[in-house]
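All remarks here apply to the structure that follows.
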Amino acid sequence: MNIFADIEKRIVAALDALKIEGQLPDDLVLDGIEATPPRDPTHGDVASNAAMVLAKAARMKPRDIADALATKLAAEPDIAKVDVAGPGFLNLTFVPAFWQQAILAFREKGTEYGRTDLGLGERINVEYCSANPTGPMHVGHCRGTVFGDALSNLLAFAGYDVTREYYINDAGGQIDVLAKSAYLRYREALGEDIGEIPEGLYPGDYLKPLGASLAQQHGKALLTLPEAERLTIVRDAAIPAMMALIRTDLADLGIKHDVFFSERSLKHGNVDEVAATIGSLRAKGLVYQGNLPPPKGEPDADWEDREQTLFKSTQFGDDTDRALLKSDGSYTYFAPDIAYHKTKWDRGFARMITVVGADHAGYKKRLEAAVRAISDGKGEVDVQFCQMVRLFKNGEPFKMSKRAGTFITVRDVIDEVGRDPIRFMMLYRKANSPLDFDFAKVTEQSKENPVFYVQMAHARAKSVFRNVAEIFPDLTATSAAVTGADLTRLSDAGELDIVKKLAYFPVLVAAAARAHEPHRIAFYLYELASSFHGHWARGNETPQLRYIQADDKDLTAARLALVGAHAQVLATGLAILGVGAPEELR
RNA sequence: GCGCCCGUAGCUCAGAUGGAUAGAGCACUCGCCUUCUAAGCGAGUGGUCGCAGGUUCAAGUCCUGCCGGGCGCGCCA
180 MNIFADIEKR IVAALDALKI EGQLPDDLVL DGIEATPPRD PTHGDVASNA
230 AMVLAKAARM KPRDIADALA TKLAAEPDIA KVDVAGPGFL NLTFVPAFWQ
280 QAILAFREKG TEYGRTDLGL GERINVEYCS ANPTGPMHVG HCRGTVFGDA
330 LSNLLAFAGY DVTREYYIND AGGQIDVLAK SAYLRYREAL GEDIGEIPEG
380 LYPGDYLKPL GASLAQQHGK ALLTLPEAER LTIVRDAAIP AMMALIRTDL
430 ADLGIKHDVF FSERSLKHGN VDEVAATIGS LRAKGLVYQG NLPPPKGEPD
480 ADWEDREQTL FKSTQFGDDT DRALLKSDGS YTYFAPDIAY HKTKWDRGFA
530 RMITVVGADH AGYKKRLEAA VRAISDGKGE VDVQFCQMVR LFKNGEPFKM
580 SKRAGTFITV RDVIDEVGRD PIRFMMLYRK ANSPLDFDFA KVTEQSKENP
630 VFYVQMAHAR AKSVFRNVAE IFPDLTATSA AVTGADLTRL SDAGELDIVK
680 KLAYFPVLVA AAARAHEPHR IAFYLYELAS SFHGHWARGN ETPQLRYIQA
730 DDKDLTAARL ALVGAHAQVL ATGLAILGVG APEELR
């Protein structure tokens with residue numbers, strides 16, 4: 180159900196009729212015709228570009244096509260007015276009943292209103308967060324995590340079969356650093372004075388409980404073990420401990436992954452999937468021994484020409500070939516990541532999205548190349564970047580120092596501002612734009628704070644139902660009196676404005692899903708809330724416009740149907756963003 | 001040097017598959033509380049869409065070249 184798509188079909192039908200009548204060439208291809216809300220609402224309810232896109236192929240003036248089409252459409256009973264404007268825009272104005280009836284459709288669908296079948300049930304894998312298991316999440320992880328989660332919600336709502344995935348980088352050098360850092364905390368827990376944490380190790384206090392638990396479990400036994408053996412034990416305890424911290428943070432942000440995929444699990448038993456993947460690429464002639472040219476520009480004194488095992492990513496559009504093995508023979512980060520993406524392909528995902536930070540910009544092309552290579556061009560990964568978050572406190576930049584261990588954790592931010600404002604603010608911006616996050620502003624309860632503004636629109640709508648209970652106790656949101664109300668009573672322009680915005684919701688969901696841009700939902704909700712607040716305030720001056728009319732139960736019921744639909748769409752949209760839709764804000 | 005991202009009102013940002021006179025919030029000016037939540041609403045001021053070409057009936061949007069900013073650029077993940 181999508182009103183605008185229906186109108187497009189009606190326009191096409193009218194054009195077909197014109198063809199039959201000989202007013203248009205009968206071989207004219209009716210393509211690219213749109214029906215959209217006009218930018219200026221005074222132009223009408225719906226605008227179409229039909230005449231202009233067809234003009235060339237029809238070898239006619241746009242105005243002539245528009246005039247013929249206008250005459251045709253004006254004859255339809257629910258179209259009140261058709262104007263031809265500008266170069267050939269067709270502006271349609273529908274009779275109020277057209278919009279009034281639309282509310283029925285909103286209600287019929289309920290929480291499903293806005294859902295589309297765009298994805299056709301196709302499986303899609305969304306990988307996001309994937310913070311290294313070396314400590315709690317810091318605020319920098321937050322944006323991509325929230326983005327990936329909301330994008331997953333959006334795609335699911337748009338008809339995709341979404342799997343949310345977290346890639347645990349538990350096999351790289353940073354894990355050795357973690358183990359060494361944890362071992363130090365273990366010695367500390369045994370009573371040793373460890374002094375300053377050496378440069379290069381993780382100084383954070385969060386490793387202290389891990390040290391203590393190791394001490395409790397092993398006593399002094401680890402001290403006498405050979406280093407390799409001892410670090411293996413520490414590491415195997417540290418990774419789950421760090422993941423437990425991260426999972427707590429994720430839970431508090433309202434984020435749930437379906438799959439936690441361990442990099443280490445790529446090697447199991449005698450199977451090394453990384454080696455196997457490199458082998459399969461080699462079989463395709465995409466792996467070779469060679470030397471990479473140094474980057475141009477500033478000459479690098481440390482540059483050392485060396486032969487490496489390389490992947491021919493240039494064959495798939497990358498700028499340079501990429502190393503798979505380090506000079507000591509171990510894997511680069513890239514090699515297991517290819518193997519990991521191959522498991523996605525093997526698990527039946529032809530479509531993948533990977534959300535990364537802006538500092539991974541250079542990773543996009545090689546990953547796309549790798550996915551094409553392992554899937555013989557049939558698979559596709561969209562690497563989505565989230566730009567940096569700049570932290571502010573009362574307008575002053577807020578610096579993090581990782582070295583001093585004083586970085587801001589997700590926990591700090593949740594404790595300070597709460598989950599809903601974090602999520603909404605992270606999504607109230609295109610992912611590609613840097614984002615300023617001011618602790619003071621996001622907790623403010625005012626119009627300046629869009630989270631609050633949208634939530635208040637929902638709370639207000641709910642308050643109407645609370646208040647009506649005192650006058651018409653039987654007019655509950657789900658009562659037959661409300662769901663079956665006489666909608667022709669809704670005639671005010673402000674009411675119809677809200678209806679028209681609600682009608683646009685399915686179009687918006689589809690567009691946002693197609694573009695992988697959940698922020699559009701946030702902006703839409705703000706606009707919808709604005710229409711609602713505006714109409715509400717008009718009720719302050721003009722009591723007849725208020726939703727509850729004590730002397731007119733039927734009118735009240737009709738208006739409640741609108742309020743209910745409005746609250747429903749707000750709740751649905753907020754759910755996509757993972758933000759709460761509170762009943763009240765007191 | 002190369003790649004990716006960004007450049008829109010004084011500030012922070014939207015701008016749908018290319019559509020009409022480019023929008024919102026903040027700031028500034030002026031109205032509105034005997035009120036279903038004024039935690040709000042309305043009106044006004046404010047623009048060479050970084051610059052220059054090109055494609056198109058139509059360009060903030062697409063293409064090319066510049067300028068400015070951010071991120072990255074063979075064994076960090």
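For reference, each letter of the first sequence is one residue, going 180 to 765 in our numbering.
Each residue gets a CB set at the ideal place from its N, CA and C atoms; glycine is no exception.
Among the options, nearest to residue i - alpha-carbon criterion
| i | options | result |
| --- | --- | --- |
| Thr511 | Gly352, Gly496, Ala259 | Gly352 |
| Thr488 | Asp733, Leu363, Ser506, Arg598 | Ser506 |
| Ala552 | Ile282, Phe495, Arg485 | Phe495 |
| Arg699 | Leu401, Met605, Gln279, Ala660 | Met605 |
| Gly390 | Gly379, Leu410, Pro405 | Leu410 |
| Asp665 | Lys626, Ile677, Asp731, Arg639 | Asp731 |
| Gly265 | Lys240, Lys251, Ser709 | Lys240 |
| Tyr607 | Lys557, Cys565, Gly458, Asp185 | Cys565 |
| Leu471 | Gly323, Asn449, Leu504 | Leu504 |
| Asp497 | Ala462, Val535, Arg545 | Arg545 |
| Ala462 | Gly469, Lys491, Pro474 | Lys491 |
| Gln634 | Pro220, Phe684, Tyr705 | Tyr705 |
| Ala368 | Leu402, Leu380, Gly379 | Leu402 |
| Trp278 | Phe183, Arg238, Val232, Ala254 | Phe183 |
| Thr493 | Tyr467, Asp481, Ala518, Asp479 | Tyr467 |
| Ala196 | Tyr346, His222, Val550, Leu252 | Leu252 |
| His637 | Gly752, Arg322, Val263 | Gly752 |
| Leu741 | Gly323, Thr662, Pro722, Leu429 | Thr662 |
Inter-residue spacing [alpha-carbon to alpha-carbon] between residue i and residue j
| i | j | result |
| --- | --- | --- |
| Pro515 | Leu445 | 8 Å |
| Arg218 | Lys641 | 30 Å |
| Leu194 | Asn646 | 50 Å |
| Lys543 | Ala361 | 33 Å |
| Asp260 | Thr272 | In the sequence as presented, Asp is not what sits at residue 260; that position holds Lys. The straight-line gap from Cα to Cα measures roughly 5 Å. |
| Glu371 | Lys399 | 11 Å |
| Val413 | Ala358 | 6 Å |
| Ala760 | Pro613 | 27 Å |
| Ser392 | Gly527 | 41 Å |
| Asp328 | Ala236 | 44 Å |
| Ala249 | Asp257 | 14 Å |
| Val568 | Ala247 | 53 Å |
| Phe651 | Thr667 | 20 Å |
| Asp224 | Lys679 | 8 Å |
| Tyr381 | Lys387 | 11 Å |
Integer-rounded CB distance, given that residue j should sit under 8 Å from residue i
| i | j | result |
| --- | --- | --- |
| Pro275 | Leu675 | 6 Å |
| Glu692 | Leu334 | Note on residue identity: the sequence assigns Ala, not Glu, to residue 692. 6 Å between Cβ atoms; contact. |
| Tyr365 | Pro315 | Not confirmed; about 19 Å, so no contact. |
| Ala529 | Glu559 | 7 Å |
| Val688 | Ala337 | 6 Å |
| Glu442 | Asn348 | 5 Å |
| Val758 | Asp594 | Wrong, their Cβ atoms sit about 18 Å apart, outside the cutoff. |
Element boundaries [beta strand (DSSP E), containing residue i]
| i | result |
| --- | --- |
| Phe616 | 614-617 |
| Gln747 | That residue, Gln747, is in no beta strand (DSSP E); its alpha helix (DSSP H) goes 732-756. |
| Ile347 | 340-347 |
| Lys609 | Note, Lys609: premise wrong, no beta strand (DSSP E); not H, not E. |
Extent of the continuous alpha helix (DSSP H) to which residue i belongs
| i | result |
| --- | --- |
| Gly469 | Element bounds for Gly469: not the alpha helix (DSSP H) but the beta strand (DSSP E), 466-470. |
| Lys251 | 241-253 |
| Thr324 | 318-336 |
| Met567 | Taken as a continuous stretch (DSSP letters only), Met567 belongs to no alpha helix (DSSP H), as it is neither H nor E. |
| Leu429 | 406-431 |
| Val208 | Unbroken run through Val208: none, as it is neither H nor E. |
| Ala229 | 229-237 |
Own chain residues within Cβ distance below 8 Å of residue i, not counting five before or after
| i | result |
| --- | --- |
| Phe577 | Leu570, Phe571, Ile587, Phe618 |
| Gly718 | Leu724, Arg725, Tyr726 |
| Thr342 | Arg302, Ile303, Asn304, Val305, Asp437, Val438, Phe528 |
| Lys198 | Pro204, Asp205, Leu207 |
| Phe326 | Tyr307, Val534, Gln563, Cys565, Met605, Leu606, Ala610, Pro697 |
Cβ neighbours of residue i in the same chain (closer than 7 Å, five flanking residues each side left out)
| i | result |
| --- | --- |
| Arg582 | The predicted position of Arg582 is uncertain, since its pLDDT is 49 and thus under 50; a value taken from the coordinates is nonetheless stated next. So the list is empty, once near-sequence residues are dropped. |
| Leu681 | Phe285, Ala744, His745, Val748 |
| Glu301 | Tyr339, Asp340, Arg530 |
| Ala518 | Leu445, Glu452, Val453, Thr456 |
Cut-off 6 Å between Cβ atoms - residues of its own chain near residue i, not counting five sequence neighbours on either side
| i | result |
| --- | --- |
| Phe644 | Ala656 |
| Asp561 | Ile532 |
| Thr427 | none |
| Gly267 | Ala230, Met231, Pro241, Arg242, Ala245 |
| His714 | Gly673 |
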